[in-house]
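Each remark here refers to the structure printed beneath this line.
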Amino acid sequence: MTFICYPKCSTCKKARDFLTAAGFEFTERDIKTQNPTEAELRDWHARSGVPLRRFFNTSGQLYRSLELSRRLGEMSEDEQYALLATDGMLVKRPILLTDDGRVLVGFREADWSATLRVEAGQRPEAKLRLDA
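Under the working numbering, think of the first position of the sequence shown as 565, with each following residue one higher.
As C-alpha cells, this is what we get:
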C-alpha cells in the first residue's frame, strides 16, 4: 500500500495511526515534496469512484486564495487535473493506494475500516517504509 499524506496534517496522522494499529505495511509519500503528476491523478480518480471535486483540498489556504470554490465549476476536467498537479497542497489528503488497486481519498475511519476489512480493536504491529 502507498499512503500519500502531508506529515503535518492532523487527519493524515490519524489515518497513519489507524493503518499502523491495524497492522498494515505501507510506503509513505509526502504529497508536498512528491507532488502527484497529472497522469497519477487521472489514474487515481478513475479508480476511486469519487467525483474529481473530491480530490481538491477545499479547506486549504491555497484553495481559498485561488478562489477555487467559485472557479472549479467553470473549469474542464483537463484543467482541473493540470491545476491539481501544480501543487500537492491543493490535493485532498490522505490518499491510500491499496495493493489490490483501490484508491481512498480523505480519511473516514468507518469507510477505511469497511474497505480494508479492519475489525474494531485490531492492533498488531505494522512496518513503515519511507520513500527516499
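We put the CB at the ideal spot given by N, CA and C, even for glycine. Computed from a predicted model, the values in this text were never measured in an experiment.
Asked	Found
So, under 8 Å CB-CB, Pro-600 and Val-655 are touching, yes? Tell me the CB distance rounded to an integer number of Å.	6 Å
Going by Cα to Cα distance, which pick from Phe-582, Asp-581 and Cys-576 is closest to Asp-594?	Cys-576
Helix, strand or coil, according to DSSP, for Ala-684 in the structure here?	The predicted position of Ala-684 is uncertain, since its pLDDT is 46 and thus under 50; a value taken from the coordinates is nonetheless stated next. Ala-684: coil per DSSP, three-state reduction.
What are the partner residues of Asp-594, as DSSP defines its beta bridges?	Cys-569
Run through the segment 594 to 619 for me and flag every whole alpha helix (DSSP H) of 4 or more residues, listed as ranges in chain order.	602 to 612
For the beta strand (DSSP E) containing Leu-661, name the first residue and the last one.	659 to 661
How should Ala-579 be labelled, buried or exposed, when 16 other C-beta atoms within 10 angstroms of its C-beta is the threshold for buried?	buried
Measure the Cβ-Cβ separation of Glu-602 and Ala-646 and say whether it is below 7 Å.	yes
Please look up how many angstroms separate the CB atoms of Lys-596 and Met-639, rounded, as I've assumed it's under 8 Å.	23 Å between Cβ atoms; not a contact.
Quick one: what's got a C-beta closer than 8 Å to Arg-618's C-beta in the same chain, skipping five residues either side?	Ser-612, Lys-656, Val-669 and Gly-670
What residues match up with Leu-668 in a beta bridge as DSSP calls it?	Leu-660
For Val-682, which residues of its own chain have a beta-carbon under 6 Å away from its beta-carbon, when the five flanking residues on both sides are left out?	Ala-586
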